[in-house]
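Take a look at the structure set out below.
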């Protein structure tokens, strides 16, 4: 055998290696066009610039040039070709190319397999390793190539942008690389370097290219690079950002952006760098965002009590502004740990030395601690000189819920020098604590002079159920000289007590001149279940001339709440009320009361096109889902479905049948799901109903809808839900086939995978939620 070295010639050349991105994703028929047309164009470009050797393998292009300037011109021309050529007119996707350039010694000789001249050598391999880390539709070169071009003094024909050392493909190591462009071309931006595929080499290239902007890019480009790296969310991006955060040479705006974005990684490894920045305290904007990231990480449970030393350092040092200390106590509030109580208490009780906003946040932070240790500092804070701190202390005591706080809060409530907002908040806190010992102060509380506070007190006693206060509350409710707010909350309290003895006073208020008071009185009657209260409510509902529509509507709702069928006739009469809202509430009440008479009336409304508006008929159809006699209701709805002409009525018939779930309804509904002449909303309702009914007959219509690309995506999504909810072997197989079928769009593939992962109960809930929106939409249409 001949010595290899004797058969090969050495030569110094410029080397071009290129690769067409996503070549493997071409359709079979597109490969022929690529070889016959794209490679022909590339061959012409290489020849025009004097390529000494050329080769290709699949989508890989290789060429050598005797003159580096020729290879640079060829590379830029090919780049422009791929950027600007109308590939889609050739039946191809928008093709992109990565081009790498290098210069060095190669071996030339006869390739016995190809039976043609070939080029090999380490420098060829190096060029091939630069290509995968090149940004698509750009040209990257080695440092050696750049030096040779610049030595030629090419009259500003070329420009190079330096990157830091880049890790090359296949463990080649790191090399200095440059972005080659014409001087008039824009430099790379962070968005240019974001990879469009997920292979490891390209991901590393993207990260490396983005990192280069911290060396060469403008501040705006660096900030954009930070955002992209943070959104990538992987370890490599995190490490780049951590290193740059700790680099004092990086511009402050950029470090500020990094500090505020490190929380995106949900990784404990970002915590120490953030703490270091806070401890250094060299740039307040960076420290501020570092604290903001720690707060987000604390809320997500990524970081915990281990950062307490850093937080306390900020609290105890005069070098940090108050806004940082406010951040710190908020972070401490995320930790349910006894070790944070002492520093929080120290802050909260230092009204002379600590900023009021910091104290206020400390009061809020204590709500997350054990009741026994939190309540003492919070009670002490009720004497704070700042009203906002006192307000927060009262709020927090209500949340903590300690009986120990009742007396101090009552004392604050009785303090006439306090603002009324704080005293009203005190009543809220006492309601939350829920201890009846507050009744020990009835006499004092009853003498409160501020009307807003008195009104809140009325509500508090109602919530707490302090019956001894009822006569006083009834007196205020009936007192026309009391403020409207007092009377309204007094009436609300009467309703909470629900005592039959209050009915007489409430009846007298039916003649009140203030409509809002009358409405509140009707609401209170609804909370007192008795024959006497229902007689008054039925009178209100029937007397259309005497009582305003809102009173009548409220009376219908109150009768519904009481749930007694002696109101059925009155509610039936109310379905002819001139006001739509009253009719709607009456029909809803009839459905809840149930019974043969109520059901029959709702059925009659559904079929009576002459006397009832389509909206009323739609409401009645929807209410029949609650019918006592389900079989008869389904028969009625199916009969109406055959002849109904109103889309809004059909919509609610289908919704009701879906809820009832009677399989006899499945076949008639199929037509509405598949017939494209019906509007999309109606078809959506039909496929949702089929999913809820769960009859296997729905499988074929669902598949038909999914396979029809002209259908709206939301309709296809509901069809996927329906398939999933059928929970049959064939339906699940159909979902698998959709995922495997490349004819479907990526959106359908992703949606199908998501649907397969959802629990069956969640699927059913999603169908129900979508259906429940239909009535609201119909109502809005008729308003």
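In my numbering, the protein residues as written are 13 to 795.
Even for Gly, the Cβ is constructed at its ideal location relative to N, Cα and C.
So residue i is in the beta strand (DSSP E); what residue range does that whole segment cover?
{"i": "residue 26", "result": "21 to 33"}
{"i": "residue 318", "result": "Note, residue 318: premise wrong, no beta strand (DSSP E); not H, not E."}
{"i": "residue 152", "result": "150 to 154"}
{"i": "residue 651", "result": "Residue 651 -> not in any beta strand (DSSP E); alpha helix (DSSP H) instead, spanning 642 to 655."}
{"i": "residue 129", "result": "128 to 132"}
{"i": "residue 801", "result": "Since the first and last residues shown for the chain are 13 and 795, residue 801 lies out of range."}
{"i": "residue 2", "result": "Any answer about residue 2 is impossible in this case: the structure gives the chain only from 13 up to 795."}
{"i": "residue 72", "result": "72 to 77"}
{"i": "residue 67", "result": "65 to 69"}
{"i": "residue 172", "result": "171 to 174"}
Using 10 angstroms around the beta-carbon of residue i, count the other beta-carbons present and answer buried if the total reaches 16, otherwise exposed.
{"i": "residue 100", "result": "exposed"}
{"i": "residue 12", "result": "Since the first residue of the chain shown is 13 and the last is 795, residue 12 is not available in this structure."}
{"i": "residue 32", "result": "buried"}
{"i": "residue 63", "result": "buried"}
{"i": "residue 725", "result": "exposed"}
{"i": "residue 212", "result": "The pLDDT assigned to residue 212 is 44, lower than 50, so where the model puts this residue is not dependable, and the model offers no usable value."}
{"i": "residue 545", "result": "buried"}
{"i": "residue 332", "result": "buried"}
{"i": "residue 94", "result": "buried"}
{"i": "residue 608", "result": "exposed"}
{"i": "residue 762", "result": "exposed"}
{"i": "residue 555", "result": "exposed"}
{"i": "residue 2", "result": "Residue coverage of the chain in this structure runs from 13 to 795, which leaves residue 2 outside it and unanswerable."}
{"i": "residue 153", "result": "buried"}
{"i": "residue 640", "result": "exposed"}
{"i": "residue 741", "result": "exposed"}
{"i": "residue 43", "result": "exposed"}
{"i": "residue 420", "result": "buried"}
{"i": "residue 597", "result": "buried"}
{"i": "residue 21", "result": "exposed"}
{"i": "residue 357", "result": "buried"}
What residues in its chain sit with their C-beta under 6 Å from that of residue i, if we drop five residues either side in the sequence?
{"i": "residue 26", "result": "77, 80, 83, 115"}
{"i": "residue 210", "result": "Below a pLDDT of 50, predicted positions are generally treated as unreliable, and residue 210, at 42, falls in that range; no measurement from the model is reported."}
{"i": "residue 296", "result": "none"}
{"i": "residue 208", "result": "Because the pLDDT at residue 208 is just 40, under 50, the model does not fix this residue reliably, and the point stays unresolved."}
{"i": "residue 593", "result": "565"}
{"i": "residue 386", "result": "378, 412"}
{"i": "residue 699", "result": "685, 730, 731, 734"}
{"i": "residue 340", "result": "323, 326, 327"}
Tell me which residues share the same chain as residue i and place their Cβ nearer than 7 Å to its Cβ, disregarding the 5 neighbours each side in the sequence.
{"i": "residue 743", "result": "711, 735"}
{"i": "residue 299", "result": "289, 290, 293, 336"}
{"i": "residue 431", "result": "399"}
{"i": "residue 14", "result": "Bear in mind that a pLDDT of 38 at residue 14, under 50, signals an unreliable position, so the number given afterwards is only what the model happens to contain. There are no such residues."}
{"i": "residue 470", "result": "485, 488, 498, 501, 502, 505"}
{"i": "residue 375", "result": "360, 390, 393, 401, 404, 405, 408"}
{"i": "residue 517", "result": "486, 489, 490"}
{"i": "residue 225", "result": "202, 233, 234, 237"}
{"i": "residue 750", "result": "718, 756, 760, 764"}
{"i": "residue 716", "result": "686"}
Identify the continuous alpha helix (DSSP H) that holds residue i and give its terminal residues.
{"i": "residue 766", "result": "758 to 769"}
{"i": "residue 52", "result": "51 to 60"}
{"i": "residue 296", "result": "296 to 311"}
{"i": "residue 350", "result": "Taken as a continuous stretch (DSSP letters only), residue 350 belongs to no alpha helix (DSSP H), as it is neither H nor E."}
{"i": "residue 285", "result": "283 to 292"}
{"i": "residue 545", "result": "543 to 554"}
{"i": "residue 253", "result": "247 to 257"}
Would you please state the rounded distance, in angstroms, between the beta carbons of residue i and residue j? I believe it to be under 8 Å.
{"i": "residue 171", "j": "residue 195", "result": "5 Å"}
{"i": "residue 113", "j": "residue 41", "result": "Contact doesn't hold; Cβ gap of about 33 Å is too wide."}
{"i": "residue 515", "j": "residue 502", "result": "In fact, because the Cβ distance is near 15 Å, the residues do not count as touching under 8 Å."}
{"i": "residue 526", "j": "residue 573", "result": "Wrong, their Cβ atoms sit about 23 Å apart, outside the cutoff."}
{"i": "residue 267", "j": "residue 231", "result": "The Cβ separation is near 11 Å, so there is no contact."}
{"i": "residue 672", "j": "residue 713", "result": "Residue 672 to residue 713, Cβ: 19 Å. No contact."}
{"i": "residue 410", "j": "residue 441", "result": "3 Å"}
{"i": "residue 131", "j": "residue 200", "result": "The pair is not a contact, with the Cβ atoms about 30 Å apart (cut-off 8 Å)."}
{"i": "residue 342", "j": "residue 372", "result": "Not really, about 10 Å apart at Cβ, beyond 8 Å."}
{"i": "residue 709", "j": "residue 678", "result": "5 Å"}
{"i": "residue 652", "j": "residue 619", "result": "6 Å"}
{"i": "residue 301", "j": "residue 346", "result": "About 18 Å; that fails the 8 Å criterion."}
**Message:** When you compare the segment 413 to 427 with the segment 448 to 465, are there three or more beta-carbon pairs, one atom per stretch, that lie closer than 8 Å?
**Reply:** yes
**Prompt:** Okay, do the segment 434 to 447 and the segment 403 to 410 touch, 3+ Cβ pairs below 8 Å being the bar?
**Reply:** yes
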